[in-house]
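A.B. asks: Residue numbers (the working numbering): 891 to 1759.
Using N, Cα and C, we set each Cβ at its ideal position, and we do this for glycine too.
If you scroll down you'll find the structure; I have some questions about it.
Shown next as structure tokens:
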């Protein structure tokens, strides 16, 4: 009984009690994987789980700071004034519980003479439980030594995280879940706000436009890309080279390579079509099209040019040695326009432009505007942290007169600009190599912390960190908590995991290039409650610099959307709700006519209404009881949904009704006179056939197109609900979902933007995650499924609106599972055909389906989310 002395000294929160009540059922498979956001008492729950398993344990953390917190929480919350001695910080000398880091374990693993020595060490020391804190930090080398240990000795794994690494590569995500197991439970943000462990909070987006110099850079970049694109399309040598490609000249000999990379062949054909080359129908027969079928070849644009050149210059270059001089010349031209980096062709400017926008100097003005507004609202209660990626200490000695000429975003530039706009004695810098505070605070420093006067402003002192960096961080944090400092500027590397200042009520993420794991941890600092301020609310500010050459706003807003996938919060609509993702902020559909100043003005006004924000949280929490998962199929149009819907309906009316009226009043009398002999000699039936044929040829084409467009546009949400029902029935019958089907609720709706939303309620978190993932695989653009669904019937064939869907992985691995899914699909969705894509016919259909979906492959078509209801 290694932990008989431990007992939690306080009362559990209701959500913690519920989680602990399910402990035994979760631990049966020797895994317990928990998502617990900042403020949920994750460390304390981890210690309680260790106590209940009651076996010698190794607790692994990403940093020494967090490692030390585990020991501190154990002594504070579980010993009631006594001291627990049976712990160690040294893996080589373990105790009942050993607190360490992932890096230390990996170092220990490498020091062992063999794997057997490594495995035997844990067996000899009876370490039977591995507790993985912030387990999203597991890197490849760390993962390996842990997974091998688990497989060899079947240790119990307890995995704790605030943010699973969903944005990592698929292989990394697979490894993560292989070690940690599927998610067993999740403590959710609304419960934490309801219980008072997280404060009411809201995310705000503040927009800026690039400076003229930055705009010139973007325009110059785009112009160079456009010039290259135009030149490529008229380059006879390059066109001839593409015409001679083995995929086109020796197609039959290269079928395997074509089927492995169909976008490559597509890009060759689309390019040649763009250049005016007449294409043989045989290529499209290879792609699964029929001879009589009308083929709409996509326009050759920058994304297609990117696919074409990525394959020619990198992926397939070894097979094109005869054309090396042409390829080398093409590569050099792309390098000159900065569209080739790290063996990647990039005509969109993903990295180049994002670096420019993410660190735009215009964000300095955004920070000033936000902090002026927050300072006016909160006054002495303001506790603001500004986080950025870089220090930019080269600006430390910039003279006062040249501050406005600073053209970089970073800790020091932000500090210099803010001290000229806000109370100087309340602003401080806290970063690894630079710590700056107002000289009025020097008496708060301990004697062994040395400092010097800031050269450019004698009102500030620069602290010499040296060997006292931890002490300095604690001192500055304490001054911030006391309100002697109200604005703290730093980097994410220092103010990251383990740094705790509960008083933060304003967080500005100035230039945050990191993954959503890191950004969620930063955000977690601002939404924790403070015992010294029970009425605390948190505002989290996200800065976006718009790309004036992109109607969708550019890479900065795209990155922000990904970051929001891990944030659960309230909407800013009149109808309040709680949901993950950026849609709840109701940002513009596009930014061509966006009034940036008005939007920012309204955002600042809304951010000052903190009491209303608290009330909105209370109202939203009352509307639900738990989080359920949903998936959104984004509206694919370029025009706003309502306008497009009205136009489609008007077209149907216009061509189907108005023209029919014209036909009856003008066309019918003429037709009757000219074809009276048919009526008299061949009978009424032949006459009617002739009439319908003539009507169709004369008036039917526009009506046909209008009806086809309306069918495609109007029935999507009904189809998706039927697909969801077929999927649910199949998952219940195969045992992927054990919850009784009659207790499960599926909902489908279309929001005002035209997005189709499907949610599932009444199942476990694991089951809902599995369901939403499978539905996402069905709805996303076709990739490479083992089985393909073609939804078709006589009506759809004649209107040329066959739809293609992937059979999700959970059914695609076994033929009998796929057949069961097909049975439910035919019942719920309608007449369809299933094809095995590893045979020739199925492979050709797969290529056709990918062509059909190709317009969606360059944009996000679906989004998973969770909603409180």
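Tell me which residues share the same chain as residue 1660 and place their Cβ nearer than 8 Å to its Cβ, disregarding the 5 neighbours each side in the sequence.
C.D. replies: Sequence-distant partners of residue 1660 (beyond 5 residues in either direction) whose C-beta falls short of 8 Å from its own C-beta, in its chain, are 1621, 1626, 1627, 1700.
A.B. asks: Exposed or buried, what is residue 903 when buried is set at 16 or more other beta-carbons lying within 10 Å of its beta-carbon?
C.D. replies: Result: buried.
A.B. asks: Determine the burial state of residue 1456: buried for a count of at least 16 other Cβ atoms within 10 Å of its Cβ, exposed for fewer.
C.D. replies: buried
A.B. asks: So which of 1004, 1380, 1641, 1020 has the shortest CA-CA distance to residue 981?
C.D. replies: 1020
A.B. asks: Quick one: what's got a C-beta closer than 6 Å to residue 1009's C-beta in the same chain, skipping five residues either side?
C.D. replies: 1042
A.B. asks: I believe residue 1504 touches residue 1193 by the beta-carbon criterion, under 8 Å. Please report the beta-carbon distance rounded to the nearest angstrom.
C.D. replies: Between residue 1193 and residue 1504 the Cβ distance is about 45 Å, and since that is not below 8 Å, they are no contact.
A.B. asks: Return helix, strand or coil for residue 1645, following the three-state DSSP convention.
C.D. replies: coil
A.B. asks: Taking the DSSP output, what are the residues bridged to residue 1724?
C.D. replies: 1679
A.B. asks: So for residue 1543, helix, strand or coil by DSSP?
C.D. replies: In this prediction, residue 1543 scores a pLDDT of 43, lower than 50, which makes its location untrustworthy; the coordinate-derived value is nonetheless stated afterwards. Helix at residue 1543.
A.B. asks: Compare the Cα-Cα distances from residue 1728 to each of 1464, 1378, 1149, 1719 and report the closest residue.
C.D. replies: 1149
A.B. asks: Going by DSSP in three states, residue 1581 sits in which element: helix, strand or coil?
C.D. replies: For residue 1581, the predicted model reports a pLDDT of 48, less than 50, meaning its position is unreliable and no value from the coordinates is stated.
A.B. asks: Between the alpha carbons of residue 1447 and residue 1434, how many angstroms are there, rounded?
C.D. replies: Approximately 6 Å, taken between the alpha carbons.
A.B. asks: Under 7 Å Cβ to Cβ from residue 1223, same chain only, skipping five residues before and after it: list those, please.
C.D. replies: 1118
A.B. asks: Please report how far the alpha carbon of residue 1542 lies from the alpha carbon of residue 1168, in whole angstroms.
C.D. replies: Low confidence applies to residue 1542: its pLDDT is 41, below 50, so where it sits in the model is not reliable, and the reading given next is rough at best. Roughly 35 Å between the two C-alpha positions.
A.B. asks: Name the two residues that bound the continuous beta strand (DSSP E) containing residue 1365.
C.D. replies: Annotation for residue 1365: no beta strand (DSSP E) segment contains it, though the alpha helix (DSSP H) segment containing it runs 1359-1372.
A.B. asks: How should residue 1711 be labelled, buried or exposed, when 16 other C-beta atoms within 10 angstroms of its C-beta is the threshold for buried?
C.D. replies: buried
A.B. asks: DSSP state of residue 1431, grouped into three classes?
C.D. replies: strand
A.B. asks: Going by CA-CA distance only, name the one from 1702, 1662, 1694, 1668 that's closest to residue 1676.
C.D. replies: 1702
A.B. asks: Quick one: grab the DSSP three-state call for residue 918.
C.D. replies: coil
A.B. asks: Spell out a yes or no on whether the segment 1258-1271 and the segment 1489-1497 are touching, meaning 3 or more CB-CB pairs, one atom from each, closer than 8 Å.
C.D. replies: A contact exists between the segment 1258-1271 and the segment 1489-1497.
A.B. asks: For residue 1758, which beta-bridge partners are listed by DSSP?
C.D. replies: 1517
A.B. asks: List the whole-angstrom C-beta distance separating residue 1449 from residue 1244, where the pair is believed to meet the contact cut-off of C-beta under 8 Å.
C.D. replies: 7 Å
A.B. asks: Indicate whether the contact test is met: 3 or more Cβ pairs, each with one atom in the segment 898-917 and one in the segment 929-948, closer than 8 Å.
C.D. replies: yes
A.B. asks: Can you find the residues in the same chain that come closer than 8 Å, C-beta to C-beta, to residue 1032, ignoring five residues on each side of it along the sequence?
C.D. replies: Counting only residues of its own chain and dropping the five nearest sequence neighbours on each side, residue 1032 has a CB closer than 8 Å to the CB of 992, 993, 995, 996.
A.B. asks: Would you mind giving the Cβ-Cβ distance between residue 1078 and residue 1680, rounded to the nearest angstrom? I have them listed as a contact below 8 Å.
C.D. replies: Actually they do not touch by this definition, with Cβ atoms about 40 Å apart.
A.B. asks: How many Å lie between residue 1480 and residue 1251 at the Cα?
C.D. replies: So the two alpha carbons sit approximately 23 Å from each other.
A.B. asks: Should residue 942 be labelled buried (16 or more other beta-carbon atoms within 10 Å of its own) or exposed?
C.D. replies: exposed
A.B. asks: Relative to the ligand GTP, is the shortest distance from any of its heavy atoms to the C-beta of residue 1114 smaller than 8 Å?
C.D. replies: Within the structure as shown, the ligand GTP is missing, as the structure has no ligands at all.
A.B. asks: Excluding five sequence neighbours on each side, which residues of the same chain lie with their C-beta closer than 7 Å to the C-beta of residue 1506?
C.D. replies: Excluding positions up to five away in sequence, the list reads 1460, 1466.
A.B. asks: Relative to the C-alpha of residue 1153, which candidate in 1140, 1190, 1123 has its C-alpha closest?
C.D. replies: Ranking 1140, 1190, 1123 by Cα distance to residue 1153 puts 1190 first.
A.B. asks: Could you tell me the distance, in whole angstroms, from the CA atom of residue 1197 to the CA atom of residue 1248?
C.D. replies: 26 Å
A.B. asks: May I ask which residues mark the beginning and end of the beta strand (DSSP E) holding residue 1274?
C.D. replies: Segment 1274-1278, the beta strand (DSSP E) holding residue 1274.
A.B. asks: Which two residues bound the contiguous beta strand (DSSP E) that contains residue 1046?
C.D. replies: 1046-1051
A.B. asks: Comparing C-alpha positions only, which one of 1510, 1319, 1080 sits nearest to residue 1379?
C.D. replies: 1319
A.B. asks: Are there 16 or more other CB atoms within 10 angstroms of the CB of residue 936, so buried, or fewer, so exposed?
C.D. replies: buried
A.B. asks: Have a look at 1310, 1418, 1652, 1360 and flag the residue whose alpha-carbon is nearest the alpha-carbon of residue 1273.
C.D. replies: 1418
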